[in-house]
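To start, the structure itself, in structure tokens.
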Amino acid sequence: MADVNLLKEQTKEFLLDRYGVNCLERSDIGSLDFYISDKTHDFISAVYEPSLCIILQGAKAIGFGDEMYGYDERTYALASTHVPLNVSLTDASKEKPYISLCIKFSLDEVYEVLKGVDVKEQSLQKSEKGIFFGELTDEILEPVLRFVWLLEKPKDKVKFLSDLAKKEILYMLATNDKSGYFLSKFAMQGSVSNKISKAVAKIKNEFSQKLNMKDVARECDMSESSLYHNFKIVTSLSPVAFQKKIRLEEAKNLLVNKNIGVAQAAFDVGYESASQFSREYARMFGMPPKVHSEILRSGVAS
Numbered sequence: 003m004a005d006v007n008l009l010k011e012q013t014k015e016f017l018l019d020r021y022g023v024n025c026l027e028r029s030d031i032g033s034l035d036f037y038i039s040d041k042t043h044d045f046i047s048a049v050y051e052p053s054l055c056i057i058l059q060g061a062k063a064i065g066f067g068d069e070m071y072g073y074d075e076r077t078y079a080l081a082s083t084h085v086p087l088n089v090s091l092t093d094a095s096k097e098k099p100y101i102s103l104c105i106k107f108s109l110d111e112v113y114e115v116l117k118g119v120d121v122k123e124q125s126l127q128k129s130e131k132g133i134f135f136g137e138l139t140d141e142i143l144e145p146v147l148r149f150v151w152l153l154e155k156p157k158d159k160v161k162f163l164s165d166l167a168k169k170e171i172l173y174m175l176a177t178n179d180k181s182g183y184f185l186s187k188f189a190m191q192g193s194v195s196n197k198i199s200k201a202v203a204k205i206k207n208e209f210s211q212k213l214n215m216k217d218v219a220r221e222c223d224m225s226e227s228s229l230y231h232n233f234k235i236v237t238s239l240s241p242v243a244f245q246k247k248i249r250l251e252e253a254k255n256l257l258v259n260k261n262i263g264v265a266q267a268a269f270d271v272g273y274e275s276a277s278q279f280s281r282e283y284a285r286m287f288g289m290p291p292k293v294h295s296e297i298l299r300s301g302v303a304s
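Residue numbers for the sequence shown, in the working numbering: 3 to 304.
What follows is the structure in structure tokens.
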């Protein structure tokens with residue numbers, strides 16, 4: 003195994019040279035994102051995709067429902083589905099910018115890896131919260147750092163090599179007792195957590211449509227009461243509250259990136275009333291949508 007500490011320092015320098023500070027960057031490897039910042043910030047709303055997230059420098063605090071977690075260079079975060087969180091950047095400076103990366107994956111990719119792994123027996127009927135924090139060992143960090151350096155490879159080779167590298171990373175997670183147990187709960191067909199992940203995906207993909215819980219429960223082969231109960235365990239929110247959060251996050255992106263009006267953004271994400279949209283937006287983000295989007299576009303906040 004390479005000198006992981008040296009490789010980590012080289013990777014931090016590489017990312018700072020390539021992307022600079024104060025950026026949220028989707029890399030040339032489609033499943034790999036970076037976030038670099040020299041400014042701390044208070045808690046903001048976020049939705050993590052299914053992904054492995056690692057901090058190379060700095061620290062965060064993450065709120066999942068009423069629970070709070072510290073998260074730094076010694077820890078990785080693993081999201082099994084789209085998970086609503088509140089995130090605060092607690093350690094970042096001009097001298098030592100916060101540097102993190104996320105590798106996105108699908109549960110189908112996890113399932114393919116799990117087919118070759120002996121996973122301990124477990125109950126498929128017990129759901130798990132959709133976020134897991136584990137100790138970041140060199141065994142996990144080293145293949146992640148090598149994955150980042152694939153950005154230096156010719157573009158015609160990156161897709162093939164990155165698929166192999168991601169499979170190796172998922173294998174390392176799957177063969178760890180704790181993270182393997184967590185991933186298998188969501189990837190195994192027929193498990194309650196897997197059914198909830200399908201409900202999450204359906205609501206997210208159809209966020210602008212009217213939510214029909216009978217249809218969602220039927221498609222997931224669950225009773226409505228079981229769906230409500232387990233959905234809240236996995237995401238910390240009810241299905242209705244989850245849809246609202248997705249709508250408002252999408253509206254924020256539209257207002258910032260498409261530069262459209264508030265009423266149009268409200269309509270595009272499924273609201274029938276612009277005034278109701280503005281009230282709920284202000285409740286979630288702490289200020290009216292027009293003001294918030296102007297601040298975000300100016301680069302003052304994120």
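Think of the CB as a built atom: it goes at the ideal place given N, C-alpha and C, for glycine as much as any other residue. Since the model is a prediction, treat every value here as computed from it, not as a measurement.
T237 and R281 have their C-alpha atoms spaced approximately 23 Å apart. The three-state secondary structure of G118, taken from DSSP, is coil. Around the CB of R28, fewer than 16 other CB atoms lie within 10 Å, so the residue is classed as exposed. Beta-bridge partners of Q59 (DSSP): I101.
Under the DSSP assignment, L26 falls in the beta strand (DSSP E) whose first and last residues are C25 to R28. Just so you know, the alpha carbons of G263 and V194 end up roughly 41 Å apart. Under the three-state reduction of DSSP, I205 is assigned to helix. In the same chain as S108, and ignoring 5 residues on each side of it, the C-beta atoms closer than 8 Å to its own belong to P52, in chain order. In this structure, the straight-line span from the alpha carbon of E221 to that of S199 is close to 12 Å. DSSP, read as helix, strand or coil, puts H294 in helix. About 7 Å separates the CB atoms of T13 and L58; that is less than 8 Å, so the two are in contact. For H43, the enclosing beta strand (DSSP E) starts and ends at H43 to Y50. In the three-state reduction of the DSSP assignment, P156 falls in the coil class. The Cβ atoms of G60 and D93 sit closer than 8 Å to each other. Out of Y173, Y50 and S129, the CA that lies nearest to the CA of V146 is found in Y173.
For a cut-off of 8 Å, the C-beta gap from L87 to Y100 is around 16 Å, too long to register as a contact.
Within 10 angstroms of the beta-carbon of S277 lie fewer than 16 other beta-carbons, which makes it exposed. Sequence-distant Cβ neighbours of I205 in its own chain, meaning closer than 8 Å and more than five residues away, are L213, V218, P241, F244, Q245 and I248.
Residue pairing for K106: DSSP places it in a beta bridge opposite S53. Collapsing the DSSP output to three states places T83 in coil. Separation of the CB atoms of S295 and L250 is rounded to 12 Å, and the pair is thereby denied contact status at 8 Å. For V49, the CB contacts under 6 Å within the same chain, skipping 5 residues up- and downstream, are H84, P86 and E251 in chain order. Comparing C-alpha distances from I31 to each of E226, I171 and L153 shows the shortest one belongs to L153. Counted as a single uninterrupted DSSP element, the alpha helix (DSSP H) harbouring E221 occupies residues M215 to E221.
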